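Residue numbers (our numbering): 59 to 191. Each residue gets a CB set at the ideal place from its N, CA and C atoms; glycine is no exception. Computed from a predicted structure; not experimentally measured.
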């Protein structure tokens with residue numbers, strides 16, 4: 059199994075989502091962030107103790123942005139042919155098999171990834187118990 063080439067410490071400033079103000083009160087309101095625009099809105103006016111607004115200061119370091127916890131970047135794979143792109147990049151990218159891939163093709167992808175010494179994040183998904191032994 060490959061390990062990432064650079065060992066830069068990954069600092070994620072904020073992992074929690076920014077919930078939309080008062081989205082917890084109404085089922086019809088989506089949780090995804092919308093900027094408050096009301097004239098008296100306490101969130102827009104940044105009152106102490108109210109919901110915080112996302113801004114540029116919460117961004118992660120540019121060198122380590124989009125990194126997984128193990129230090130790799132995620133690469134979505136839908137067929138064994140997609141792995142050939144990562145031939146020389148096994149110390150930078152980790153393979154993630156797409157959710158709609160069946161068990162037979164998953165097995166092919168995992169076998170080819172092992173030959174190329176690629177790290178597969180969801181290698182044990184849809185694996186039968188008999189085949190595992």
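query, result
"Let me know if residue 88 comes out buried or exposed under the rule of 16 or more other beta-carbons within 10 Å of its beta-carbon.", "exposed"
"Start and end of the beta strand (DSSP E) containing residue 152?", "151–155"
"With 16 as the cutoff for other CB atoms within 10 Å, does residue 182 come out buried or exposed?", "exposed"
"Is residue 152 buried or exposed, if buried means 16 or more other CB atoms sit within 10 Å of its CB?", "buried"
"Based on Cα-Cα distance, which residue from 75, 94 and 176 lies nearest to residue 145?", "176"
"From this set, 112, 157 and 143, which residue's C-alpha is nearest residue 170's C-alpha?", "143"
"So, for residue 150: in the same chain, excluding its five sequence neighbours on each side, which residues have a beta-carbon less than 8 Å away from its beta-carbon?", "62, 63, 130 and 131"
"If you run the structure through DSSP and keep just helix, strand and coil, what is residue 132?", "strand"
"Could you tell me whether the region 110–119 touches the region 135–142, using the rule of 3 or more Cβ pairs below 8 Å?", "no"
"Excluding the five sequence neighbours on either side, which residues of its own chain have a C-beta within less than 6 Å of the C-beta of residue 161, listed in chain order?", "184"
"Would DSSP call residue 101 helix, strand or coil?", "coil"
"Can you tell me the Cα-Cα spacing of residue 104 and residue 158, whole angstroms?", "43 Å"
"Using CA coordinates, which residue listed in 165, 168, 124 and 154 is at the minimum distance from residue 68?", "124"
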